[in-house]
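Chains A and B are the protein sequences, given in the same order. Mapping of the first sequence onto UniProt numbering: position 233 corresponds to residue 233, and the numbering continues sequentially without gaps. Mapping of the second sequence onto UniProt numbering: position 125 corresponds to residue 125, and the numbering continues sequentially without gaps. Ideal Cβ placement from N, Cα and C applies to all residues, glycine included. On a predicted model such as this, the values are computed, not experimentally measured, just so you know. Structure first, then comments.
Protein chains: 2
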Amino acid sequence: MATLSDVARRAGVSPATASRVINGSSKPVTEELRERVLRAVAELQYVPNAHAQLLARSHRGAVGVIVHDVSDPYFSEITRGLQRVATDQGRLLMICNSYRDPERELEYVELLRGQQVAAIVLAGSGYHDADFTRLLNGKLAAYEATGGRVAVIGRHEHSGDAVMPDNRGGGELLGQELCRLGHEHIGVVAGPRVLTTTTDRLTGLRAALAEHGRELPEHRIRYADFDRDGGAEATAALLDAEPGLTAIAALNDSMAIGALALLRARAVPVPQQVSVFGFDDMPMARDVTPALTTIRLPLVEMGARAMALALDPGAASPRVESLAADLIRRDSSGPAPR
Amino acid sequence: MATLSDVARRAGVSPATASRVINGSSKPVTEELRERVLRAVAELQYVPNAHAQLLARSHRGAVGVIVHDVSDPYFSEITRGLQRVATDQGRLLMICNSYRDPERELEYVELLRGQQVAAIVLAGSGYHDADFTRLLNGKLAAYEATGGRVAVIGRHEHSGDAVMPDNRGGGELLGQELCRLGHEHIGVVAGPRVLTTTTDRLTGLRAALAEHGRELPEHRIRYADFDRDGGAEATAALLDAEPGLTAIAALNDSMAIGALALLRARAVPVPQQVSVFGFDDMPMARDVTPALTTIRLPLVEMGARAMALALDPGAASPRVESLAADLIRRDSSGPAPR
DNA sequence: ATCTGGCAGGAAAGCGCTTACCTGATCGTT
DNA sequence: AACGATCAGGTAAGCGCTTTCCTGCCAGAT
């Protein structure tokens, strides 16, 4: 691997001059030397060692992102927003998948800290786990203490800058719609209990139902993995226990799609016999059949805002941006059959 | 940010000892000193500077991956395979999105080279562009010359290790199925012409049709973006020009899903009036309605194999692993109406 | 009591860059 | 004509770590 000294030697200049030419320093260099250096660079196919540069500059370049899983559309969308803003500012993004493992999340914070990233964005639900939360906050605080910036998406537990989708409000919207359509026998297909996203959405849903004098008994809720298969599984269990359900409210779109698949397999007409509701409005929601009624969260926007917060050294006081949820009516929901 | 010297000072030892304790060197250190160092690490929340480590070790840690777009399910799946193998070997993955811009692809090769990655995996279609290919191969060669490893997925233009999905064979499978079902009026919804994936699949399709004495006139092919919207757009154009089509063959699943969406919007019954075929078999294909008939490519497997090649210094001679395509019959296709 | 080996720990030389500071030449000033 | 200002370019000191090599100590052997 050619080094800067190699280039300098070949061009017959000092490493300092070579460096100045290569990354356009403010110091002027004669046209002639500049050309010699550039020629040497081309001939040697020289590429600067990024680690050496970062070390020398002690410059924080990249930005770290920790998500549950980029291949999950929910996070793909958020990531798209993060990317856009980061790229606009000429920042490299390092994406880390925690696969919903708190342990791994902790490790990644360390790793990113070691990489000297300028900021860390934590996306995705937090956990109901006080020990973990304390540990994580400790690590983040240590990072921030040395000038690192942190922004989170959808986590109450962190005290700094945050973008908060209105999960509770979305749950309420969902509950209101269920009541409006006259559903009484409602099954809820939920993500893991330990995720705050699950409980927030559930809380909103419960509140709205209560307002209309309806209850949501615990046995009507099934907790499963926050993905398609988890959705199918939970729906099956729900239906087996109570065949008379008229609505399935899934707490994210992936699960809702699993629910639709299961209902289709069992030849249950949607929405004539059972209505299905999702949450998030990921792109795929419009392409399933029937197209999914869901609570939209502005995912790309969330990502973009979070990155903007993370990169803007701005206010000392933590900034929290709340983003509202919307009900999107499509074909998978209808009035309760009577 | 605490440094190793800070730790050493606090523990009352030399930096050398501190370093040895922290990353478990083979050199033995007394239990007492070890404890002092670990305590200092904890107290200072010390995290080693990864750049400095890499520089000092001149150790190549991470692996670089260049894909068109991770949020595209095709690449998500491949990436999942890449991840798995890389993680198993304790390697960090750096994922770069080229967004189908050859220019950016070139830049990323440089960037990864600068990051001293141990290997670069290039996934996604190549381009019909001799200049670009030459440039890229030059850069890759320079990288390989300094000990870097390169593996590509689905690109003929590179001469080194490669995993090749059988795009042409898949196209043939598609053509045979079309003939078997008796379709005569076939529209093709294709990706950009410059992508070799597009032309490979097309070539296979053409060959199979020709074998059955059928032709595929150029005006029955529409080229558009390789995504959902491109698919919808191309399908619309095709249908407007020739209302009598009985089959739409999309060259990837995203486009096929766009086609389905458009057909639904126009109330064209699928597959009764028009059959729709996809390509890739991304997870979503089974969840659209009607479920998509498609040519399956073992995407995760492709990723895993490519990473295995990239990380195995092995053979000097380039290894090429070919992976077969399969026809998956689902509900979006049926016999041609008469 | 002296010598050798072995062994824990430290000193210091880099890894490949950047950049503050210095040098020597060139120019303009009085 | 002599002096300082100006400027291109070079010198060298780090950035934070790893690792080789060396030092000084002690146990065991003679």
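In the DSSP output, which residue or residues are listed as bridge partners for residue i?
i, result
"A/Tyr-223", "A/Ala-190"
"B/Gly-64", "B/Met-94 and B/Ile-120"
"A/Pro-165", "A/Leu-323"
"A/Tyr-127", "A/Leu-195"
"B/Ile-295", "B/Leu-327"
"A/Val-152", "A/Leu-122 and A/Ala-162"
"A/Val-276", "A/Ile-248"
"A/Val-268", "Beta-bridge pairing links A/Val-268 to no other residue."
"A/Val-288", "B/Val-288"
Does the distance from the C-beta atom of residue i to that of residue j stay below 9 Å?
i, j, result
"B/Ile-95", "B/Ile-153", "no"
"B/Leu-111", "A/Ala-50", "yes"
"A/Thr-246", "A/Ile-186", "yes"
"B/Gly-171", "B/Ile-295", "yes"
"A/Phe-226", "A/Ala-256", "no"
"A/Gly-114", "B/Pro-48", "yes"
"A/Val-117", "A/Val-63", "yes"
"B/Met-302", "B/Pro-73", "no"
"A/Gly-61", "B/Met-1", "no"
"B/Ala-336", "B/Glu-184", "yes"
"B/Leu-253", "B/Asp-280", "The question names Leu, yet the displayed sequence has Asp at residue 253 of chain B. Going by C-beta atoms, B/Asp-253 is nearer than 9 Å to B/Asp-280."
"B/Arg-155", "B/Ala-190", "no"
"A/Leu-251", "A/Arg-201", "yes"
"A/Leu-55", "B/Leu-82", "no"
"A/Arg-220", "A/Val-188", "yes"
"A/Gly-126", "A/Glu-103", "no"
"B/Ser-76", "A/Ser-76", "yes"
"A/Lys-286", "B/Ala-145", "What sits at residue 286 of chain A in the sequence shown is Arg, not Lys. The answer is no: Cβ separation not under 9 Å."
Closer than 7 Å by C-beta to residue i: which residues in its own chain qualify, once you throw out the five before and the five after it? Chain order, please.
i, result
"A/Ala-40", "Val-7, Arg-10 and Ala-11"
"A/Glu-233", "Ala-224"
"A/Val-274", "Leu-245, Thr-246, Ala-247, Ile-248, Leu-263 and Val-268"
"A/Val-320", "Ala-162 and Met-164"
"B/Leu-106", "Leu-135, Leu-136 and Lys-139"
"B/Gln-89", "Leu-311"
"B/Gly-169", "Gly-204, Ala-324 and Ala-325"
"B/Arg-329", "Thr-293"
"A/Ala-259", "Val-189, Gly-231, Ala-232, Thr-235, Ile-248, Ala-250 and Val-276"
"B/Ala-18", "Leu-4, Val-7, Ala-8, Ala-11 and Val-37"
"B/Leu-108", "Position check: residue 108 of chain B holds Tyr in this sequence, whereas Leu was assumed. So the list reads Ile-66, Cys-96 and Ser-98, once near-sequence residues are dropped."
Leaving out five residues before and five after residue i in sequence, what residues of the same chain have Cβ atoms less than 6 Å from its Cβ?
i, result
"B/Ala-306", "Val-121, Ala-151, Ile-153 and Val-163"
"B/Arg-36", "Ala-11"
"B/Ala-123", "Val-67, Ile-78 and Ile-153"
"A/Arg-34", "Val-21"
"A/Val-85", "Ala-304, Met-307 and Ala-308"
"A/Gly-175", "Leu-205, Ala-208 and Leu-209"
"A/Ala-241", "none"
"A/Tyr-143", "Arg-113"
"A/Thr-133", "Glu-157"
"B/Cys-179", "His-212"
Once the 5 residues before and after residue i are set aside, which same chain residues still bring their CB inside 8 Å of it?
i, result
"residue 342 of chain A", "Residue 342 of chain A lies beyond the range of chain A shown here (1 to 338); nothing can be said about it."
"B/Leu-181", "Ala-247, Ser-275, Ser-333, Gly-334, Pro-335 and Ala-336"
"B/Pro-318", "Ser-159, Gly-160, Asp-161 and Ala-162"
*Identify each residue in the region 57-70 of chain A for which the Cβ-Cβ distance to at least one residue of chain B is less than 8 Å, and report them in chain order.*
Listed by position along the chain: Val-70.
*Could you tell me whether the region 283-293 of chain A touches the region 128-139 of chain A, using the rule of 3 or more Cβ pairs below 8 Å?*
Result no; under three Cβ-Cβ pairs closer than 8 Å.
*Count the C-beta pairs between the region 18-26 of chain B and the region 206-223 of chain A that are closer than 8 Å, then say yes if the count reaches three, no if not.*
The region 18-26 of chain B and the region 206-223 of chain A do not touch, with fewer than 3 CB-CB distances between them shorter than 8 Å.
_Residues of the region 283-311 of chain A whose Cβ lies closer than 7 Å to any Cβ of chain B, in chain order_ = Going along the region 283-311 of chain A in chain order, one finds Met-284, Asp-287, Val-288 and Thr-289 with a Cβ nearer than 7 Å to chain B.
*Residues of the region 98-122 of chain B with Cβ closer than 8 Å to any Cβ of chain A, in chain order*: Glu-110, Leu-111, Arg-113, Gly-114, Gln-115 and Gln-116: these are the residues of the region 98-122 of chain B whose beta carbon lies less than 8 Å from some beta carbon of chain A, given in chain order.
*Cβ contact (3+ pairs, closer than 8 Å) linking the region 252-270 of chain A and the region 317-326 of chain A*: With a cut-off of 8 Å, the region 317-326 of chain A and the region 252-270 of chain A do not count as touching, because too few Cβ pairs lie within range.
*If contact means a Cβ-Cβ distance below 8 Å, which residues of the region 77-98 of chain B contact chain A?*
Listed in chain order, the positions of the region 77-98 of chain B with a beta carbon within less than 8 Å of a beta carbon of chain A are Glu-77, Thr-79, Arg-80, Gln-83, Leu-92, Met-94, Ile-95 and Asn-97.
*Contact residues within the region 248-267 of chain B, judged by C-beta distance below 8 Å to chain A*: Flagged, chain order: Ile-257, Leu-260, Ala-261 and Arg-264.
*Can we say the region 190-204 of chain B touches the region 310-321 of chain B, given the rule of at least three CB pairs closer than 8 Å?*
They do not touch, by the three-pair rule.
*What residues in the region 140-158 of chain B bring their beta carbon closer than 7 Å to a beta carbon of chain A?*
Of all residues in the region 140-158 of chain B, the ones placed with a Cβ closer than 7 Å to any Cβ belonging to chain A are Ala-142 and Thr-146, in chain order.
*Closer than 7 Å, Cβ to any Cβ of chain B: which residues of the UniProt domain "HTH lacI-type" (2-57) of chain A, in chain order?*
Of all residues in the UniProt domain "HTH lacI-type" (2-57) of chain A, the ones placed with a Cβ closer than 7 Å to any Cβ belonging to chain B are Gln-45, Val-47, Pro-48, Asn-49, Ala-50, His-51, Ala-52, Leu-54 and Leu-55, in chain order.
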